[in-house]
Amino acid sequence: MDAALIQSIIQGLLMGGLYAAVGLGMSMIFGIVRITNLAHGDFLILACYISLIFMGVINNPIVTLVFVVPIMFFIGFSMQRSLLNRVIGRGDEPPLLITFGLSIIVQNLLLYFFTADAQRLHSNLLLESISLGERVRIPVLWLISCIVGVAIILVLGLYMKNTYMGRAIRATSDDTEAAQLVGVNIKSAYGIAMGIAMMTAAVSGVFIGMVFTFYPSTGPSYLIIAFAVVVIGGIGSIYGTLAAGLIFGLAQVVGGYIVGPQYQQLIGYVILLIMLVLRPQGLFQR
């Protein structure tokens with residue numbers, strides 16, 4: 134097999150692991166809270182900028198996760214309890230309008246405080262790679278980001294299955310009235326679910342910021358990636374999100390190798406359209 138094709142497959146799988154982490158929070162909110170969070174990508178970029186603030190003291194973006202993750206959980210929990218819980222059950226439009234407004238607010242706040250200049254979370258890992266031969270190399274940062282993305286999905290799957298709060302969140306997703314009858318606080322369950330979704334956005338956002346440059350207006354592009362992962366994997370399926378991320382990443386990179394790198398994103402969205410036609414419920418609908 135051609136070494137360049139092997140390199141593309143490896144790159145696609147590594148990118149897919151990161152894409153899965155990007156889409157995980159969106160999948161949770163779709164499947165549990167039943168709302169479309171149009172600000173998901175912007176909160177992901179917000180995590181990048183919060184990490185950038187702590188970089189002035191710590192100088193290691195991975196270590197900043199110790200602070201970024203709880204901050205993002207608090208933001209998500211507070212947003213759900215103070216805003217979104219007030220419109221749950223009033224139709225699809227109010228949550229859409231609220232999250233759309235939050236998207237605009239986050240983008241403009243970031244633009245005001247950080248300007249429109251490109252930023253990156255600098256790390257020495259970006260320059261390191263593992264050699265598998267003369268022409269095949271594995272970027273260390275991509276490998277770590279993929280491992281972290283897969284680990285998040287596995288840990289979250291175990292949390293949702295084996296803990297009281299995880300089972301309460303799943304019960305709320307399955308039947309709200311029955312969950313209330315057995316003593317589950319629905320609003321708290323929704324708040325914790327949103328907080329967990331923001332935690333996953335924090336982790337994926339920091340690794341996105343280490344790999345790519347970002348701007349205050351970058352969020353919508355990652356929102357589209359999250360939508361693609363959710364649609365391919367199936368709404369509410371945690372492990373389906375992992376499979377969808379790998380498929381989407383492979384489609385982009387390997388397709389770009391075959392057709393041309395300028396068509397990477399186009400090929401990924403063609404795969405998305407094919408999935409919408411052939412299996413609109415996703416590969417692993419829950």
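Everything in the sequence shown is counted per this note's numbering, starting at 134 for the first residue and increasing by one.
Quick reminder that beta carbons are idealized off the backbone N, C-alpha and C, glycines included.
All values derive from a computational prediction rather than experimental measurement.
Contact check, residue i vs residue j, beta carbons under 7 angstroms
i	j	result
residue 165	residue 302	yes
residue 191	residue 228	no
residue 183	residue 162	no
residue 327	residue 213	yes
residue 268	residue 136	yes
residue 309	residue 251	no
Same chain only: Cβ atoms within 7 angstroms of residue i, ignoring 5 sequence neighbours per side
i	result
residue 375	153, 283 and 286
residue 365	377, 380, 381, 405, 408, 415 and 416
residue 338	177, 178, 180 and 181
residue 249	348 and 349
residue 336	154, 198, 202, 281 and 285
residue 340	151, 278 and 281
residue 211	none
Whole-angstrom distance between residue j and residue i, CA atom to CA atom
i	j	result
residue 297	residue 175	31 angstroms
residue 359	residue 368	11 angstroms
residue 253	residue 306	37 angstroms
residue 258	residue 403	33 angstroms
residue 216	residue 331	15 angstroms
residue 138	residue 412	28 angstroms
residue 383	residue 142	6 angstroms
residue 294	residue 323	17 angstroms
residue 260	residue 194	15 angstroms
residue 206	residue 325	8 angstroms
residue 113	residue 394	With the chain covering only 134 through 419, there is no way to say anything about residue 113.
residue 225	residue 209	19 angstroms
residue 245	residue 237	12 angstroms
residue 300	residue 185	35 angstroms
residue 410	residue 189	48 angstroms
residue 222	residue 292	27 angstroms
residue 256	residue 187	14 angstroms
residue 357	residue 385	14 angstroms
residue 243	residue 320	29 angstroms
residue 314	residue 373	30 angstroms
residue 196	residue 342	14 angstroms
residue 399	residue 355	15 angstroms
residue 318	residue 234	27 angstroms
residue 230	residue 240	15 angstroms
Distance between beta carbons of residue j and residue i, contact taken as under 8 angstroms
i	j	result
residue 278	residue 201	No, residue 278 and residue 201 are not in contact; Cβ-Cβ is about 15 angstroms, not under 8 angstroms.
residue 159	residue 288	Between residue 288 and residue 159 the Cβ distance is about 18 angstroms, and since that is not below 8 angstroms, they are no contact.
residue 361	residue 401	7 angstroms
residue 157	residue 351	The pair is not a contact, with the Cβ atoms about 19 angstroms apart (cut-off 8 angstroms).
residue 371	residue 290	5 angstroms
The ligand ADP heavy atom lying under 6 angstroms from the CB of residue i
i	result
residue 341	Among the ligands in the structure shown, none appear at all, so the ligand ADP cannot be discussed.
Residues of its chain near residue i, where Cβ-Cβ distance is below 8 angstroms and the 5 sequence neighbours each way are ignored
i	result
residue 275	144, 147, 148, 151 and 344
residue 396	388 and 389
residue 262	270, 271, 272 and 273
residue 311	304
residue 392	400
residue 421	Since the first and last residues shown for the chain are 134 and 419, residue 421 lies out of range.
Contact set for residue i: own chain, Cβ-Cβ below 6 angstroms, skip 5 residues either direction
i	result
residue 232	170, 171 and 172
residue 264	270
residue 353	174
Residue-level contact to chain B via CB, residue i, 7 angstroms cutoff
i	result
residue 394	Absent from the structure: chain B. Only one protein chain is present.
Can you list the alpha helix (DSSP H) stretches of 4 or more residues lying completely in the segment 323 to 360, in chain order? none
Quick check for students: name the residue ranges of the alpha helix (DSSP H) that lie wholly in the segment 145 to 218, counting only runs of 4 or more. 173 to 191 and 198 to 215
Completely contained alpha helix (DSSP H) runs for the segment 263 to 295, where each covers 4 or more residues: 273 to 295
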